[in-house]
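For the sequence shown, my numbering assigns the number 1 to the initial residue and increments by one for each residue that follows.
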Amino acid sequence: QSSTITVLARVDTTTAQINTALVSADQYDTVPANNTASAAISGATADLAVTKTVDNSTPSAIGDQVTFRVSVTNNGPHDATGVEVADALPSGLTLVSATPPPGTTYSGGVWTIGPLANGATTAIDIVARVDVVGPVTNTATATSTSLDPIPADNQAQATVDVPDTDLQITKTVDNATPN
């Protein structure tokens with residue numbers, strides 16, 4: 001008689017791992033050499049890299065619109081799965097529109113990409129209205145169900161800054177002593 005045990009585990013390292021199983025019984029085993037089995041695994045890695053730009057980092061007034069472009073590249077060496085980018089607009093910016101590429105969605109500040117092939121790049125444009133004077137930084141952070149060996153490049157920022165306005169007025173008179 002034989003039995004099978006299935007173990008489901010998440011690979012959280014890029015180095016090869018060996019999993020060894022050992023069986024034993026309280027009865028005499030005539031062939032103890034077959035009481036162990038091993039399997040080697042290595043995690044599929046996908047290095048995601050995010051870039052973020054803004055078309056106008058110094059809009060002239062409150063109410064102006066700016067367009068953020070967020071790009072995600074899979075630098076491999078494997079395909080990435082379950083790719084998402086969190087890009088909720090911070091206070092001071094209001095969403096006007098988002099244009100995700102076909103097959104992806106943007107909702108509630110999350111761009112859901114799904115699978116991203118090794119070497120592939122995809123991008124989304126997010127249009128926002130600037131609601132405050134001063135700097136506002138918008139951050140995008142990519143995650144995936146694949147192991148990322150270089151997580152430091154999974155985040156990018158862009159800042160918009162509506163300058164303070166300094167109004168001055170000068171008043172003159174053309175005739176200080178009229179008749």
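Quick reminder that beta carbons are idealized off the backbone N, C-alpha and C, glycines included.
Cβ-Cβ distance between residue i and residue j below 8 angstroms
i, j, result
"A140", "L48", "no"
"S57", "V130", "no"
"D79", "N118", "yes"
"S146", "A46", "yes"
"L95", "A128", "yes"
"A158", "K52", "yes"
Reference residue i, options the options, closest by Cα
i, options, result
"V85", "V66, L95, G114", "G114"
"N19", "V31, N35, I41, A25", "I41"
"R10", "A44, N34, L95, T73", "A44"
"Q155", "D29, V23, V72", "V72"
Cross-strand partners of residue i (DSSP beta bridge)
i, result
"N138", "A158"
"I41", "Q17"
"V130", "L93"
Presumed contact (8 angstroms Cβ cut-off) between residue i and residue j, rounded CB distance
i, j, result
"I126", "D87", "7 angstroms"
"V31", "V50", "About 55 angstroms separates the two Cβ atoms, so there is no contact after all."
"T112", "T104", "6 angstroms"
Reduced DSSP category for residue i - H, G, I as helix; E, B as strand; rest coil
i, result
"A88", "coil"
"N175", "coil"
"P59", "coil"
"N34", "helix"
"P151", "helix"
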